[in-house]
Every structure is written in structure tokens, then in C-alpha cells.
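S.K.: Quick note on numbering: the sequence shown equals residues 1 to 387 in UniProt numbering.
Backbone N, C-alpha and C define an ideal beta-carbon position, used for all residues, glycine too.
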Amino acid sequence: MTPLSHEPRIRSGARVLFALVNLRSGGHRCARYVLRKLIDTLGADRVWVLFEGKNMEHHRTELECFLRKQAPDYVIVAGGDGTISFVVDVIKRLQNQNLLSPHRGVIAPFPLGTGNDFSITLGFGSGFARWIVLGERRFQRLMRDYETATVTNVDRWSLHVTTTMARHPNGLAHNHVFNNYFSIGFDAAVANGLNRFRGRYPHLFTTRPVIKLWYAVFAVKALFTEKKIGSSILLEVDGHRVPVPASAKSVAVCNMLTYAGGAVAWNGTAVDHYAKPCVCDGRVEIVCFYGIWHLALVRLGWCYGKKLGQGSTVCIETDCHSFQVDGEEVLNRAGATGKCTVRIAHLSTSQCLAVPPRSETNAFVLLLAPAVVGLAIIVILYLTPVS
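1) Quick check on Gly-335: does DSSP put it in helix, strand or coil?
2) Rounded to the nearest angstrom, what separates Pro-109 and Thr-83 at their Cα positions?
3) Should Arg-144 be counted as a contact of the ligand ATP given a C-beta to heavy atom distance under 7 Å?
4) I'd like to confirm the pairing. Which residues does DSSP put opposite Gln-324 in its beta bridges?
5) Give the single residue among Arg-241, Ala-173, Leu-20 and Phe-51 whose Cα lies nearest to the Cα of Ile-39.
6) Hey, Ile-107 and Val-77 are a contact pair by Cβ (cut 8 Å); roughly how many whole angstroms apart?
7) Would you kindly work out how many angstroms separate the C-alpha atoms of Ala-129 and Val-355, rounded to a whole number?
8) Out of Thr-207, Glu-62, Leu-99 and Val-314, point me to the one whose CA is closest to Asn-255's CA.
9) Do you know how far the Cα of Phe-66 is from the Cα of Gly-26?
10) Taking only the alpha-carbon atoms, compute the straight-line gap between Cys-320 and Phe-182 and give it to the nearest angstrom.
11) Starting from Gly-79, follow its DSSP beta bridges and name the residues at the other end.
12) Going by other Cβ atoms of all chains shown within 10 Å of its Cβ, with 16 needed for buried, is Ala-270 buried or exposed?
13) Helix, strand or coil for Val-302, going by three-state DSSP, please let me know.
14) Closest to Lys-92 by C-alpha separation, out of Trp-48, Asn-55, Asn-179 and Leu-42, would be which residue?
15) Tell me the DSSP secondary structure of Leu-297 in three-state form.
16) Please report how far the alpha carbon of Ala-265 lies from the alpha carbon of Ser-101, in whole angstroms.
17) Give the list of continuous beta strand (DSSP E) stretches no shorter than 3 residues that lie fully inside the UniProt domain "DAGKc" (12 to 163).
18) In this structure, does DSSP put Ala-248 in helix, strand or coil?
19) Give me the residue from Ala-188, Arg-144 and Gln-351 with the minimum Cα distance to Ile-292.
20) Take the Cβ of Phe-18 as the centre, count every other Cβ of all protein chains shown within 10 Å, and call the residue buried at 16 or more, exposed below.
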């Protein structure tokens with residue numbers, strides 16, 4: 001990992017540590033196990049369960065009240081990239097209103113989601129499993145990491161999407177903030193389809209490995225449904241037009257050092273005119289992928305994404321494809337046949353804990369790859385007419 005601009009190590013004696021847990025992240029059993037462990041470690045009064053009933057605005061208001069009352073120095077966020085993005089947004093809003101000190105609410109990622117690229121980049125790992133004794137060991141290691149972690153700044157980015165459709169000729173505006181990435185194309189379609197399916201059938205997503213297998217199913221579907229989008233995209237980086245390969249099926253704007261659950265999409269060791277990426281340099285990296293197989297090979301570490309550019313402002317004009325921000329759907333493209341303009345700019349920074357990364361086994365990825373191949377073969381055989 002690229003060295004982060006660390007500040008002095010946190011002092012345990014002065015720490016006020018709280019935890020926020022999203023029980024919808026990852027598998028339900030694992031999330032509840034983590035909730036119990038955090039309550040046992042920190043006490044029930046220092047653990048808050050996110051997204052229990054009611055609507056999103058109510059969740060935001062309740063969390064704001066909780067953070068204002070407790071004013072924690074450090075906040076463990078047990079969830080995925082979307083959960084962390086939500087919590088950071090709430091904390092920054094309180095800080096901007098002078099309702100929370102700028103030095104409080106430092107984020108400590110607990111990787112409980114599916115991708116966990118925020119946690120991977122900051123050194124806290126790609127996921128959490130409670131298998132036999134592994135859960136206890138992993139939990140205790142994370143607790144020790146929080147004790148020895150340093151504080152770093154992480155860039156936040158504003159995303160403004162303007163859509164023009166037949167139903168809305170004057171255009172519709174969507175504003176978002178992201179910490180990790182924004183993407184257009186097949187990978188966004190896979191993530192969005194999986195999230196909608198998961199919302200309808202939550203009982204089918206009991207563990208993280210099961211979620212990964214469902215992701216493989218939707219990825220195979222994307223082989224036959226998603227098309228090349230490169231020729232329909234106009235890309236500008238820092239005001240300069242950048243060509244996009246016509247055969248590209250996805251374009252991603254990345255702030256983190258990994259993408260799609262640990263894929264190192266940007267070759268930071270290559271000798272070229274680009275600067276080495278960092279989460280606090282005020283720049284994002286733009287890459288494209290040529291299909292699900294390309295992304296799978298990147299995920300296995302066998303190749304990289306195609307570099308398109310690096311800068312502090314990005315403008316994308318394109319047809320209305322599938323979009324995602326930090327794993328969450330930007331807009332539902334059902335019936336969308338118009339044009340979209342996406343503008344990305346540096347917004348602010350947030351404070352987070354970080355530790356030197358540890359090497360993790362990629363065994364599950366190696367198990368997942370044959371599953372994807374097998375599913376693809378089955379679908380191809382099913383669709384091929386018998387002569």
C-alpha cells in the first residue's frame with residue numbers, strides 16, 4: 001500500500017471508542033456474532049445498531065443525536081463500503097455545523113460487507129469470518145489493530161449527475177458523495193442487480209461466501225446482457241479530453257487502492273507519467289475494464305485495468321447506463337433512454353484509522369473462479385441450439 005500521511009499514534013488512555021453495526025452487511029449470522037462480541041468488549045451503551053426499521057432519514061437523524069450525545073473519539077463501523085460512506089457523511093455534516101469536534105468521530109473500519117475496499121486500503125482486511133476459532137482470533141486482531149493504528153486523512157468526492165430523459169426533458173439532478181469509487185457499466189449492473197435481489201430475498205444471503213456465489217451468478221448473467229459502452233462515453237479529466245476504448249464495458253473512478261473487493265485495478269508500480277495513487281492526494285484514478293473476465297483476472301492479480309487518467313476533476317457524458325457509488329445504486333435506469341452528465345470533484349477529507357496491510361490468502365478467490373467458469377459453461381451449453 002502507498003504510505004499514508006499518518007499522524008501520531010493514538011493514545012489508548014485518552015480514547016473513547018464506540019461501535020456502529022449494520023446487521024444487513026455481509027451474512028446475518030456473522031453480523032450478529034460481531035454485534036455480540038462488540039457488546040462484550042465495549043459494553044452495550046457503546047454499541048449502536050444501524051438501519052433498524054423506519055426510513056433512511058430517520059436513521060440519519062437518530063445517528064446524529066447519538067453522535068452528538070456521545071461525542072466519540074473513535075468510531076468502529078462494522079459494515080461494508082456503503083455503511084462507512086453513510087457514517088462518514090453524518091459525521092462530516094455534524095462537524096460542518098460545529099456540533100462535533102473536527103478531531104472526534106475518527107473512523108475505524110470493521111470489514112463486514114461484501115467488497116470492503118475501504119477496509120482493505122486502510123489495512124484492516126478484506127472480510128470477517130466466524131468459522132470455528134477463526135472468528136475470535138480475527139476479532140481480537142482487529143481490536144489490537146485499533147490500539148496501534150495511526151490516523152490518516154481520506155479524500156471525499158462530490159458526484160453530480162444530470163439526466164435528460166423523455167419523461168423529464170429539463171433534466172433531473174442527483175447529488176452524491178463517495179469515498180471509494182464511482183463506476184458505469186457491467187460491474188455496476190451486477191452490483192445493482194444483486195442488491196435489488198438481496199432486498200427481495202434476504203434469507204438467501206446468510207453468509208459472506210453465499211453472497212460471493214450469488215455475485216458470481218449475476219456476473220455470469222452480465223456476460224450475455226451488458227454491451228460495450230466505450231464509444232458512447234466522452235471523458236474529461238482536469239479539463240482535458242481522454243479517449244475511452246470502444247470495447248470498454250465499464251469505466252471506474254477510484255479513490256481507494258483496490259476495487260471490487262480487493263482488485264488492484266491501477267498498476268501503481270508501472271513506470272509512466274502518472275503519480276503513485278494515494279487516498280489523501282486530492283486525485284482519483286480512472287480505469288476501464290473490457291468485461292467480466294477482465295475484471296476477474298484483475299481480481300486474481302493476473303493483470304490490471306486499462307489506465308485512462310488521473311486528476312482532481314472528472315466529467316463524463318454518456319447514455320444512461322447502470323451507475324453505482326460505493327456499492328450503492330445511483331439511479332434506477334428502468335425506462336431511462338436519455339443522456340447523463342457526471343461531474344466529480346474533490347469535496348473534503350475525513351479522518352480514519354490505518355495500519356500497515358497484512359498479506360491475506362486469496363484462496364476463496366481461487367475457489368470462486370472455477371465456480372464462475374462452471375456457471376458460464378452451463379449457461380453457454382443451455383443457450384447453444386442442438387444441431
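M.R.: Short version:
1) Confidence is the limiting factor: at Gly-335 the pLDDT is only 44, short of 50, which leaves the residue's position unreliable, though a coordinate-based value still follows. Gly-335 falls in the coil class under three-state DSSP.
2) Going from the Cα of Pro-109 to the Cα of Thr-83 covers about 10 Å.
3) As far as ligands go, the structure on display features none, and thus does not contain the ligand ATP.
4) Beta-bridge pairing links Gln-324 to Ser-183 and Glu-329.
5) Of the candidates Arg-241, Ala-173, Leu-20 and Phe-51, the one whose C-alpha sits nearest the C-alpha of Ile-39 is Leu-20.
6) Indeed they touch by this definition, with Cβ atoms about 6 Å apart.
7) So the two alpha carbons sit approximately 20 Å from each other.
8) Here the closest residue by C-alpha is Val-314.
9) One C-alpha to the other measures close to 24 Å.
10) Answer to the nearest angstrom: the Cα atoms are 14 Å apart.
11) In the DSSP output, where bridge partners are listed per residue, Gly-79 has Pro-111.
12) So Ala-270 counts as exposed.
13) According to the sequence shown, residue 302 is Trp rather than Val. Annotated three-state conformation of Trp-302 is coil, per DSSP.
14) Nearest of Trp-48, Asn-55, Asn-179 and Leu-42 to Lys-92, Cα basis: Asn-179.
15) The three-state secondary structure of Leu-297, taken from DSSP, is helix.
16) Their backbone Cα atoms lie some 36 Å apart in a straight line.
17) Taken in chain order, the whole beta strand (DSSP E) runs of length 3 or more contained in the UniProt domain "DAGKc" (12 to 163) are 17 to 22, 47 to 50, 74 to 79 and 106 to 111.
18) In the structure shown, Ala-248 sits in coil (DSSP, three-state: anything other than H, G, I, E or B).
19) It is Ala-188.
20) So Phe-18 counts as buried.
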